[in-house]
Amino acid sequence: MSARRAAAGGFTLLEVLIAMAITAAVGAMTLGAFHQVDRAQEIARAQGDRYAAARLALTRLARETSMAFLSEHYDKNRLRERPTLFRGREEGLLFTTQAHRRLLRDARESDASVVEYTLESAPDGGGEQALFRREKARVDEEPEREGRKDVVADHVTGFRVQYWDAKKKDWVREWNTRSVERANELPARVRFDLEVKLADGRTEKFSTEARVALTRPLDF
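Residue numbers for the sequence shown follow the working numbering, so the first one is 125 and each next one is one higher.
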């Protein structure tokens, strides 16, 4: 009787195998749940990073554009064109601004600089686009050349700029102070739309507007 009770009180091989299978399944489910949580946290962090980058880029862009300026203070005998300018297109803009920040105390730089924003292929070569910012700390007769160029927003799927024409009371797609029509005037407002691909595959559109403080050329 005691032998039978011992046998009855133990586990058969089948029961052991079933228990092991259940334990393995529970372990796999637990591991999968942890993986999903980690993945969700990773996506959330990436979402936050892309939101922050887009907002920071637009905040900086609006600040610099609001301080755009033209100046008649240049050597007209040496230069044919005014070095300060504002050349805006629907997909980017190049302008002089008084928003430059000197990083070195003894740097021979003023508050004025040339800034350009363009939408180009991302440097990682993954087929996506990025918003680039180029700044040249010296305002001279060659605004298109030199300067430091950096990515300010990546995973960009769209970038659009519009300029407020106070005479037409409407938004226009271009503004060039090197043209006769716009030679002595900056747009009163500039609107920016930036569309970014989020980590979960969705796209999000961010918008802001800058009010230009000085729309007429400085004469000093």
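Glycine included, each C-beta is placed from N, C-alpha and C at the ideal position.
Would residue i and residue j qualify as a contact pair, given that the criterion is a beta-carbon distance under 9 Å?
i, j, result
"Gly271", "Val238", "yes"
"Thr220", "Pro267", "yes"
"Leu322", "Lys329", "no"
"Ala181", "Arg257", "yes"
"Glu215", "Thr183", "no"
"Asp324", "Gln222", "no"
"Thr82", "Glu309", "The requested residue 82 is not part of the displayed model; the chain covers only 125 to 344."
"Leu217", "Val285", "yes"
"Pro311", "Phe193", "no"
"Thr189", "Ala334", "yes"
In three-state terms, what does DSSP make of residue i?
i, result
"Ala131", "Low per-residue confidence applies at Ala131: pLDDT is 48, beneath 50, and the placement is therefore not dependable enough to give any value."
"Ala236", "coil"
"Leu141", "helix"
"Leu182", "helix"
"Asp317", "strand"
"Ser126", "Low per-residue confidence applies at Ser126: pLDDT is 47, beneath 50, and the placement is therefore not dependable, though the value from the model is reported in the following sentence. Looking at Ser126 - three-state DSSP - the assignment turns out to be helix."
"Arg174", "helix"
"Arg213", "strand"
"Glu309", "coil"
Could you tell me the distance, in whole angstroms, from the CA atom of residue i to the CA atom of residue j?
i, j, result
"Ala290", "Arg169", "42 Å"
"Asp274", "Leu255", "9 Å"
"Val336", "Arg174", "27 Å"
"Asp278", "Ser303", "32 Å"
"Arg204", "Asp264", "12 Å"
"Glu240", "Glu166", "33 Å"
"Arg262", "Lys293", "34 Å"
"Ser93", "Arg315", "The structure shown does not extend to residue 93, since the chain is modelled only from 125 through 344, so no value can be given for it."
"Ala130", "Leu141", "Reliability of the predicted coordinates at Ala130 is poor, the pLDDT of 45 falling under 50, and no value is obtained from them."
"Ser245", "Gly282", "12 Å"
"Thr154", "Ala186", "48 Å"
"Gly212", "Asp343", "23 Å"
"Gly151", "Lys260", "58 Å"
"Asp248", "Val276", "14 Å"
"Gln253", "Val320", "10 Å"
"Ala236", "Arg179", "24 Å"
"Ala145", "Gly251", "45 Å"
"Arg225", "Met191", "12 Å"
Report the partner residues of residue i according to the DSSP bridge assignment.
i, result
"Arg202", "Per DSSP, none; premise fails for Arg202."
"Asp294", "Asp289"
"Phe193", "BP columns for Phe193 are empty, so no partner."
"Glu266", "Bridge partners of Glu266: none, in fact."
"Gln253", "Ser245 and Val280"
"Leu342", "Ser195"
"Arg258", "Glu240 and Lys273"
Along the chain, where does the beta strand (DSSP E) that runs through residue i open and close?
i, result
"Thr208", "First-last for Thr208: undefined, no H or E at that position."
"Glu333", "Thr327 to Arg335"
"Thr281", "Arg272 to Asp289"
"Gly216", "Gly216 to Thr221"
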